[in-house]
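Visitor: Sequential numbering of the sequence shown, starting at 1, is according to full-length UniProt numbering.
I'd like to ask you about the structure that follows.
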Amino acid sequence: MQGEGSYLQQAAVADFIAQGHFARHIRHMRELYQRRQQLLKHAADQYMDRAMPLHGGDAGMHLLAELPDGFDEWELQAAAAERQLWLRPLARHFLDTPYRNGLVLGYAGIGDHAIRPAVQQLADLLETRLK
């Protein structure tokens, strides 16, 4: 809602909040993201064999995956895209030269059922790059 909202919009939003719908939605989304984060962590533990440590996780919708030395995150992103696996290089989040090589792994926009196969694909890709 931009500018001056209409009275009707403001009243609808106020009712939505007052009736507890917004709080219920926030609670639901927290539980959803927490579950997906746990699925991502468990899959990484299973398939990555600690080759790519994950950082973060107190809250949010993504984790930081630290890449082993010698990996080019941009090349890894391109190779992953060929497998329909969408990765975000950590370097995109730095103004200057990154001091850490890694990936930002988001889990908000992927279904629970797709997390484990995606991590397995990433693990396979890392394994082929390590050879």
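Note that the Cβ used here is the ideal one computed from N, Cα and C, for glycine as well.
1) How should Gln37 be labelled, buried or exposed, when 16 other C-beta atoms within 10 angstroms of its C-beta is the threshold for buried?
2) What's the C-alpha gap between Asp69 and Gly111?
3) With a 10 Å radius around its C-beta and 16 neighbouring C-beta atoms as the bar for buried, classify Pro89 as buried or exposed.
4) Leu87: which of Tyr99, His62, Leu32 and Ala14 sits nearest, CA to CA?
5) Express the C-alpha separation of Arg92 and Gln77 in angstroms, rounding to a whole number.
6) Which residues share a DSSP beta bridge with His42?
7) Using a Cβ-Cβ cutoff of less than 6 Å, which residues in the same chain neighbour Leu40 once the five nearest sequence positions on both sides are dropped?
8) I need the DSSP call for Met1, collapsed to helix, strand or coil.
9) If you follow the alpha helix (DSSP H) that Ala78 is part of, which residue opens it and which one closes it?
10) Cutting at 7 Å between CB atoms, please list the residues of its own chain near Leu85, excluding the five before and the five after it.
11) Output the distance between the C-alpha atoms of His28 and Gln34, rounded to the nearest integer angstrom.
12) Any idea which residues DSSP pairs Gly102 with across the strands?
Guide: On the basis of the data shown:
1) By the 10 Å Cβ count, Gln37 comes out buried.
2) Distance between the alpha carbons of Asp69 and Gly111 is about 31 Å.
3) For Pro89, the number of other beta carbons within 10 angstroms of its own is at least 16, and it is reported as buried.
4) Cα-wise, what sits closest to Leu87 is His62.
5) The alpha-carbon atoms of Gln77 and Arg92 are separated by roughly 12 Å.
6) According to DSSP, His42 shares a beta bridge with no other residue.
7) Closer than 6 Å at Cβ, skipping near neighbours: Tyr107 and Ile115.
8) Low confidence applies to Met1: its pLDDT is 49, below 50, so where it sits in the model is not reliable, and the reading given next is rough at best. In this structure, Met1 counts as coil in the three-state DSSP scheme.
9) Per DSSP, Ala78 is one residue of the alpha helix (DSSP H) stretching across Glu73 to Glu82.
10) Closer than 7 Å at the Cβ level, and outside the excluded window around Leu85, lie Ala118, Gln121 and Leu122.
11) Cα-Cα distance, rounded: 10 Å.
12) According to DSSP, Gly102 bridges with Glu66.
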